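Before any comments, here is the structure.
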Amino acid sequence: MIPAAFDYVRAHSPDEALTELQKHGPDARVLAGGQSLIPAMRFRLARPAVLVDINEIKDLDYVRIGDGTLSIGAIARDSAVERAAWIGDRRWSLLHDVSRVVADPVVRQTGTVVGSLCHNDPAGDWTATALAARASVVVRGTAGSRTVPIDDFLVDSFTTAVTEGEMALEARFPVPDDRTAGSYQKIERKVGDYATAAAAVQVSLNADGTIRAAGIALSAAGPCAVRVSDAERLLVGQKPGGDLIRAAADAAAGKSAPQADLRGSVAYKKNLASVLVVRGLHRAFGRLGVNV
Ligand SMILES: Cc1cc2nc3c(=O)[nH]c(=O)nc-3n(C[C@H](O)[C@H](O)[C@H](O)COP(=O)(O)OP(=O)(O)OC[C@H]3O[C@@H](n4cnc5c(N)ncnc54)[C@H](O)[C@@H]3O)c2cc1C
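Per my numbering, the very first residue in the sequence shown carries number 7; after that it's consecutive.
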């Protein structure tokens, strides 16, 4: 279908983009990779009167590590993360895994990480990953910039903390320490499909082998990605073990609240959530040399 008529503005700086967003208020939308927004417009699910294209703001095209933070600019493509020099480092194994299963290579060449977070699809892959990795998003508006923890950023399906006249500038992921590994486990009907269910896991160990920190989140398990706090709490301070992993998986099934659709029933998806948490934890601990 052809989208409803709209005006188009190309911004060359964040200031220019913000001026346009503020001028047009609720009628304006940021256009990043367009991989979600354009299909939504074609289906007439979205009818913005003005698109503010940020793709020419070259200052926002970066993926860089410094001061203990991985920063991903608003127009950095998924493929830039997938191809980053450091992506094979064990510490980044969660991002390594997810960067290979979001959509397909063609979509990843255009779609942006920040756009995915802003889109906040219930079955998105970056949102669950950002929760498990305790990421944050830098949001800018008239009153200046603020850094929003991902738990506060993801408000509801397709809704975030970005308000009218604002835009997201970058996503920030804390650089994990040397005893950290993760895993992203996704079941999809075919390559390029959204998750039927997915689990993002990241764990850090103390020198004595106990778990120092844990991040566990699910996708396609509710209105938006969900943190499994009970499982995280269960793990911290304990030694990795089979019973512990099973308890974390039970917590994940309890927290999962999926919708039945063509991809499967509620019971099937809840079961998948727990199975994927088990697989994710085994994989993450295995990457740290702990075979449970
Ligand atoms: C065939 C296909 C398969 C896909 N499969 C998957 C999948 O398996 N998993 C998955 O997670 N995603 C999937 N996607 C979605 C894809 O990853 C998108 O790229 C992503 O969801 C949005 O990124 P984008 O840069 O294209 O954003 P856009 O489509 O440009 O924007 C999406 C929304 O976010 C807003 N937005 C974007 N950037 C900003 C910003 N900087 N500040 C404020 N608002 C902003 C826009 O206004 C819009 O509302 C798929 C897409 C396609 C076409």
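Note that CB positions come from ideal geometry on N, CA and C, so glycine has one too.
As the structure is a computational prediction, the values presented were derived from the model and not from experiment.
Check	Outcome
Can you give the Cα-Cα distance for V181 and L224, rounded to whole angstroms?	21 Å
For S99, which residues in the same chain have their Cβ closer than 6 Å to its Cβ, ignoring the five residues on either side in sequence?	A187, G188, R293
Over the uninterrupted alpha helix (DSSP H) stretch that includes R285, give me the two end residues.	272-293
Go ahead and pull the three-state DSSP assignment for A205.	strand
Could you tell me which of T166, A139, R289 sits nearest to V145, measuring between CA atoms?	T166
Can you check the segment 219-281 for any alpha helix (DSSP H) of at least 4 residues that lies completely inside it and give the ranges in chain order?	235-241, 248-261
What residue ranges within the segment 92-168 form continuous beta strand (DSSP E) runs of no fewer than 3 residues, ordered along the chain?	142-147, 150-155, 160-162
In the DSSP assignment, find the alpha helix (DSSP H) that holds S85 and state where it starts and stops.	84-88
If you draw a straight line from the C-alpha of L160 to the C-alpha of E170, how long is it?	16 Å
Let me check you understand the geometry: is the CB of A174 closer than 7 Å to at least one non-hydrogen atom of ligand 1?	yes
Decide if the segment 113-122 is in contact with the segment 73-80; the criterion is three or more beta carbon pairs, one per stretch, under 8 Å apart.	yes
Grab me the residues of K275's own chain with a C-beta within less than 6 Å of its C-beta, minus the 5 sequence neighbours each way, in chain order.	A203, P264
At a threshold of 7 Å, does A80 count as lining ligand 3 (C-beta to nearest heavy atom)?	Of the ligands this structure carries, namely ligand 1, none is ligand 3.
Under the DSSP definition of a beta bridge, which residues are partnered with M173?	R146
Shortest alpha-carbon distance to A231 belongs to which of H125, A129, R16?	A129
Beta carbon of L100: closer than 7 Å to some heavy atom of ligand 1?	no
Considering only residues of the segment 18-67, which uninterrupted alpha helix (DSSP H) runs meet the minimum length of 4 residues and lie entirely inside it, listed in chain order?	20-30, 43-48
Q244 and I222 look like a contact to me (Cβ under 8 Å); what is the Cβ gap, rounded to whole Å?	No, Q244 and I222 are not in contact; Cβ-Cβ is about 14 Å, not under 8 Å.
Quick check: the segment 101-112 against the segment 22-39, are at least 3 beta-carbon pairs closer than 8 Å?	no
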